[in-house]
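Data block below; observations after.
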Amino acid sequence: MSKLLKAAQAGTVESSDILIRLIPGDAGSGIQVELVSPTMQQYGKHINNLITTTLVSLGIDDVQVNATDRGALDCTIKARVITALQRAGE
Amino acid sequence: MEKLRRSMMFVPGNNPGMLLNAGIYGADTIILDCEDAVAITEKDSARNLVFQAISEINYGTEVAVRINHISTPFGWDDLKRILPAKPDLIRLPMCQGPDEIRQIDEFISEAEQKNKFPAGSIKMMAAVETPKGLRLAYEIASASPRMVALAIGAEDFIANLKTTRSKLGRELLAARGQLVLAAREAGIQCIDTVFSDINDEEGFKKELELIKEMGFDGKSVVNPRQVSVVHDFFAPTAKEIDHAQRVLAAYQEALEKKSGVISLNGKMIDLPIVARAERTLAYAKATAGKGGK
Amino acid sequence: MKNSIGREIPEFIPGLGKVTGFGGAFARKPVGRTAGAALSTCLPRADKLLASIETAIDAVGLKDGMTISFHHHFRNGDRILNRVVEAIAKKGIRDITLSPSSLNTVNDALIPYIEQGVITAIETSGARGKMGRFLTEGHLKKPLHIRSHGGRAQAIESGAIHIDVAFLGAPACDRYGNINGIQGQSACGSLGYAIQDAAYADQVVAITDNLMPHPLFPISIPQTQVDYIVVVDSIGDPAGIASGALRYTKDPKELLIAKYAADVMDYSGYLQQDFSMQLGSGGASMAVGRFIKTKMLERGITGSFGVGGMTGVFAEMMEEGLFKMMFDVQSFDIPAIDSIKKNSNHLEMSASYYANPHNSGAIVNNLDAVILSATEVDVDFNVNVITDSNGVIMGASGGHCDTAAGAKLTIVVAPLLRGRLPMVKDAVQTVVTPGETVDAIVTERGIAINPKRLDIIDNLKNSGLPIMSIHELKDIAYKLCGKPEAIQLSDEIVGVVEYRDGTIIDVIRRPIF
Numbered sequence: 001m002s003k004l005l006k007a008a009q010a011g012t013v014e015s016s017d018i019l020i021r022l023i024p025g026d027a028g029s030g031i032q033v034e035l036v037s038p039t040m041q042q043y044g045k046h047i048n049n050l051i052t053t054t055l056v057s058l059g060i061d062d063v064q065v066n067a068t069d070r071g072a073l074d075c076t077i078k079a080r081v082i083t084a085l086q087r088a089g090e
Numbered sequence: 001m002e003k004l005r006r007s008m009m010f011v012p013g014n015n016p017g018m019l020l021n022a023g024i025y026g027a028d029t030i031i032l033d034c035e036d037a038v039a040i041t042e043k044d045s046a047r048n049l050v051f052q053a054i055s056e057i058n059y060g061t062e063v064a065v066r067i068n069h070i071s072t073p074f075g076w077d078d079l080k081r082i083l084p085a086k087p088d089l090i091r092l093p094m095c096q097g098p099d100e101i102r103q104i105d106e107f108i109s110e111a112e113q114k115n116k117f118p119a120g121s122i123k124m125m126a127a128v129e130t131p132k133g134l135r136l137a138y139e140i141a142s143a144s145p146r147m148v149a150l151a152i153g154a155e156d157f158i159a160n161l162k163t164t165r166s167k168l169g170r171e172l173l174a175a176r177g178q179l180v181l182a183a184r185e186a187g188i189q190c191i192d193t194v195f196s197d198i199n200d201e202e203g204f205k206k207e208l209e210l211i212k213e214m215g216f217d218g219k220s221v222v223n224p225r226q227v228s229v230v231h232d233f234f235a236p237t238a239k240e241i242d243h244a245q246r247v248l249a250a251y252q253e254a255l256e257k258k259s260g261v262i263s264l265n266g267k268m269i270d271l272p273i274v275a276r277a278e279r280t281l282a283y284a285k286a287t288a289g290k291g292g293k
Numbered sequence: 001m002k003n004s005i006g007r008e009i010p011e012f013i014p015g016l017g018k019v020t021g022f023g024g025a026f027a028r029k030p031v032g033r034t035a036g037a038a039l040s041t042c043l044p045r046a047d048k049l050l051a052s053i054e055t056a057i058d059a060v061g062l063k064d065g066m067t068i069s070f071h072h073h074f075r076n077g078d079r080i081l082n083r084v085v086e087a088i089a090k091k092g093i094r095d096i097t098l099s100p101s102s103l104n105t106v107n108d109a110l111i112p113y114i115e116q117g118v119i120t121a122i123e124t125s126g127a128r129g130k131m132g133r134f135l136t137e138g139h140l141k142k143p144l145h146i147r148s149h150g151g152r153a154q155a156i157e158s159g160a161i162h163i164d165v166a167f168l169g170a171p172a173c174d175r176y177g178n179i180n181g182i183q184g185q186s187a188c189g190s191l192g193y194a195i196q197d198a199a200y201a202d203q204v205v206a207i208t209d210n211l212m213p214h215p216l217f218p219i220s221i222p223q224t225q226v227d228y229i230v231v232v233d234s235i236g237d238p239a240g241i242a243s244g245a246l247r248y249t250k251d252p253k254e255l256l257i258a259k260y261a262a263d264v265m266d267y268s269g270y271l272q273q274d275f276s277m278q279l280g281s282g283g284a285s286m287a288v289g290r291f292i293k294t295k296m297l298e299r300g301i302t303g304s305f306g307v308g309g310m311t312g313v314f315a316e317m318m319e320e321g322l323f324k325m326m327f328d329v330q331s332f333d334i335p336a337i338d339s340i341k342k343n344s345n346h347l348e349m350s351a352s353y354y355a356n357p358h359n360s361g362a363i364v365n366n367l368d369a370v371i372l373s374a375t376e377v378d379v380d381f382n383v384n385v386i387t388d389s390n391g392v393i394m395g396a397s398g399g400h401c402d403t404a405a406g407a408k409l410t411i412v413v414a415p416l417l418r419g420r421l422p423m424v425k426d427a428v429q430t431v432v433t434p435g436e437t438v439d440a441i442v443t444e445r446g447i448a449i450n451p452k453r454l455d456i457i458d459n460l461k462n463s464g465l466p467i468m469s470i471h472e473l474k475d476i477a478y479k480l481c482g483k484p485e486a487i488q489l490s491d492e493i494v495g496v497v498e499y500r501d502g503t504i505i506d507v508i509r510r511p512i513f
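Residue numbers (full-length UniProt numbering), protein chains in the order written: chain C, 1 to 90; chain A, 1 to 293; chain L, 1 to 513.
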């Protein structure tokens, strides 16, 4: 999969979760992550990076990501990104 | 000593907070649930999350996954996604017969081969929740060498019986009895259903007493607070341990004397009693030193 | 300069002047004499009753730059502090130092008076909510001065805090100024935090909604210390003063931590006939009581006394004969208030009796065990209870460092993770309690014993509990969460944390948000 067909989201805003919303981006626009997190100072860069690398590893080049984090761990962030992407590609 | 499964704790598969803490309560097995605890619109979320959780969190205990039944649109997808994370155990709900077990067994074998896992390393268990499943319980239990346990799922079973659940649990007496017989005949473990009113501690203890007497190896639990209660119940008491030690001592003495008759305090002891004493001590050893006083 | 636990403390702090750095939990030996209130007189047949708070402010001659004090026994039901400050502001008085025993979220209403310059300094136990964030942003002219309950009593008695006027909410007060906390619509139980204020303030104004005939019985604060009395409609909202019975948590993670803590106490050897203990009021620390009670019943042992902010849970244990006495500085719930009213072995004590390190022996010195909560702990066993992981003030020092220093066994309970944030770290954001006074850190994923407590380590060897080094515990947290990046701080000091002996253990620098 390398292209999103539609906008999609996965996850929740419950504690320890993250809500990931993906919006298809124009060709060449790249991966744009907008993150809101209570641990911005401690893990903001890391989470941003994790979302980006997860998308890149799945062959995505252009997408806008809105992420509302509630203290999710890496495994949750990856799972939510993957689910949102699967939903966007259906 | 076979793997202890006194407590098998369900954890909702789409709840990151609960998945994170699933391992801390000392349950013998945690069951990451993709079935009843997950809304139908979130099945995809749950299987992705369960996959990541198993891959990245060191739970330090046996990890099972309850998949959706393979007759639903989700069951095979659950297996396909989750098997590469190498769960220890797959729990099938609503099992209706040995064919289902054989199909899943085959699917797991392929996944093991593909992912280079040792053959047979992923175990299986099945929950019986219908009269048909119960009638075929022995066939289900012996349908695959992967099978380690049968469980009973009471809510659906009772609905199928057209009765309701009671405090005394008489409505489940026959089913529980048959399930234990089937599991024992097949040489695997037998796990009781959940007790969902977590505030009724007395009722919970009564039910534990009943199932321990009936021969169950453990219980499915829904709340972490129930784990230590179950473990306390299944732990041999000091009196039981003491008795078992004296039985074995008497047996040893009889062996040394080459006496055909074993007796303790004037009572005859036969071999099944010796076997039971051995089991008690092995159990005591396996449960000792787990989680404080 | 660096103090003895390696925290960088300026020798001179703007607004406070020259300070002394912390040099060890028992390093400072007090010298000199206690301070005292101004002499006063009250002629026979004089009337102490005044018409209003405004009249009382005039009568005491309150002026710019003075220090006023309050107790926090009404917690979030308090109707005194905000009201008095409002009256002071209306009179145009400025530059007041506010010295309440603690602040609650109800006191967020004071923010405008800080902005207007009515209040320019605050000395207290801590701050929460909007006020905590506001103070962290550095809007106060002088840094927030944080003291423990024992440290505050020490500072009042030594004269480091000089109270010009104490405004004391009095649930029951007679016409000549005898006060207790247990009668009337605003009963709050113990008045422990008001006792030093009444004794050491130059002038004392009692504010009551329950004027009783003289003489009142029983008497907590005597007429000899009270100069004026003001009657108002209501000094407190009962619903905010005390909750109904505080009950044990049902959170499985907190219960697990509590069970581990009780087991640590048991295996350490302190759970003996006639032991004494204090339980914090946090979910996990309070729940330890439940497991201790079971162990006491199983073993047929009884305790000697309980200390602290008291709850009905403890009162119940005393009533069942499991403890002989309770020393109560603050009554947390309605059953505790009822108990202090009816049980003669449930004693009210002052903050100094409770925890002052510079008297001839506070009750914390007699404690066998204390169970305390924490926001964060670090690999040196230092504990933070004052700022969150973003450096924002959100808690109170309370009796944390006092009881940790006094008790033979100090157990700190905390979840290993809050959301994604590890609570066992390389270094805590702010040190309130030094690691040398902490013996065990108990989390849901493991227990670490202070390496200097070889005796406890030895006793716990065969307990089956998940004992590990503090570094292993931290590694578990970091493995799950990743290592947190340090937050960005400015050089501006917005708060100082004073240890109970008057030295500075840490400072709070304004985070760059």
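Backbone N, C-alpha and C fix where the C-beta goes; we use that ideal spot for every residue, glycine too.
Does the count of Cβ pairs from the region 235-244 of chain A and the region 213-224 of chain A closer than 8 angstroms reach three?
no
Identify every residue that forms a DSSP beta bridge with L:A448.
L:I441 and L:M468
Cα-Cα, which of L:L216, L:G159, L:E492 and L:S190 is closest to L:R175?
L:L216
When the Cα atoms are used, what is the spatial distance from L:I179 to L:S190?
11 angstroms
By alpha-carbon positions, which one of L:N462, L:L421 and L:Q272 ends up nearest to C:Y43?
L:L421
Using the rule of at least 16 other Cβ atoms within 10 Å of the residue's Cβ for burial, across every protein chain shown, is A:Q226 buried or exposed?
buried
So, with DSSP's three-state summary, where would you put C:G28?
coil
Could you check which residue in L:G169, L:I161 and L:D501 has the C-alpha nearest to that of L:A27?
L:D501
Assign A:D232 to one of three DSSP states: helix, strand, or coil.
helix
With DSSP run on the structure shown, which of helix, strand or coil describes L:H71?
coil
Quick one: complete alpha helix (DSSP H) runs, 4+ long, within the region 327-414 of chain L?
334-342, 351-355 and 400-406
What are the start and end residues of the alpha helix (DSSP H) that includes residue 301 of chain A?
There is no way to answer for residue 301 of chain A, as the model of chain A reaches only from 1 to 293.
Specify the secondary structure class of A:G292 as computed by DSSP and reduced to three states.
The predicted model places A:G292 with a pLDDT of 38, which falls under 50 and marks its position as unreliable; any figure quoted below should be read in that light. Three-state DSSP puts A:G292 in coil, outside helix and strand.
Identify the contact partners of C:T39 in chain L, using a Cβ-Cβ distance below 8 angstroms as the criterion.
S389, G419, R420, L421 and P484
On the DSSP bridge assignment, give the partners of C:D64 in chain order.
The sequence given here places Gln at residue 64 of chain C; Asp does not occur at that position. According to DSSP, C:Q64 bridges with C:I23 and C:Q32.
Kindly indicate the opening and closing residues of the alpha helix (DSSP H) around L:E320.
Segment: none, L:E320 is in no alpha helix (DSSP H) and carries neither H nor E.
Where A:R102 falls, given that 16 or more other Cβ within 10 Å makes a residue buried:
exposed
Quick one, are the C-beta atoms of L:G15 and L:P143 less than 9 angstroms apart?
yes
In the structure shown, what three-state DSSP assignment does L:S101 receive?
coil
Reference A:S228, options A:A53, A:E201 and A:R81, closest by Cα
A:E201
is_contact[C:L35, chain L] using C-beta, thresh 9 angstroms:
no
Excluding the 5 residues preceding and the 5 following L:G406 in the sequence, name in chain order all residues of the same chain whose CB lies nearer than 7 angstroms to its CB.
A362, V364, N365 and L367
Closer than 8 angstroms by beta-carbon distance: list the chain A residues that pair up with L:R445, in chain order.
I24
Closest Cα partner of L:Q272 within the set L:S304, L:D426 and L:G391
L:S304
Determine, for L:L480, whether the minimum Cβ-Cβ distance to residues of chain C falls below 9 angstroms.
yes
At what residues does the beta strand (DSSP E) containing A:D33 begin and finish?
T29 to D33
Specify the secondary structure class of L:H145 as computed by DSSP and reduced to three states.
strand
In whole angstroms, give me the CA-to-CA distance for L:Y200 and L:A160.
11 angstroms
Where L:Q154 falls: helix, strand or coil (DSSP):
helix
Whole angstroms are fine: how far does the CA of A:F195 sit from the CA of A:L161?
18 angstroms
Which of the three DSSP states, helix, strand or coil, is assigned to C:V56?
helix
Taking 7 angstroms as the limit between beta carbons, can you name the residues of its chain near A:V50, skipping five residues before and five after?
G13, L32, C34, V65 and I82
Expressed to the nearest angstrom, what Euclidean distance is found between the alpha-carbon atoms of L:L39 and L:S69?
18 angstroms
How about residue 524 of chain L: is its C-beta nearer than 9 angstroms to some C-beta of chain A?
Absent from the structure is residue 524 of chain L, since the part of chain L shown begins at 1 and ends at 513.
Please name the residues in the region 222-238 of chain A whose beta-carbon is closer than 8 angstroms to at least one beta-carbon of chain L, in chain order.
N223, P224, R225 and S228
What's the call for L:M317, buried or exposed, on a 16-neighbour Cβ count within 10 Å?
buried
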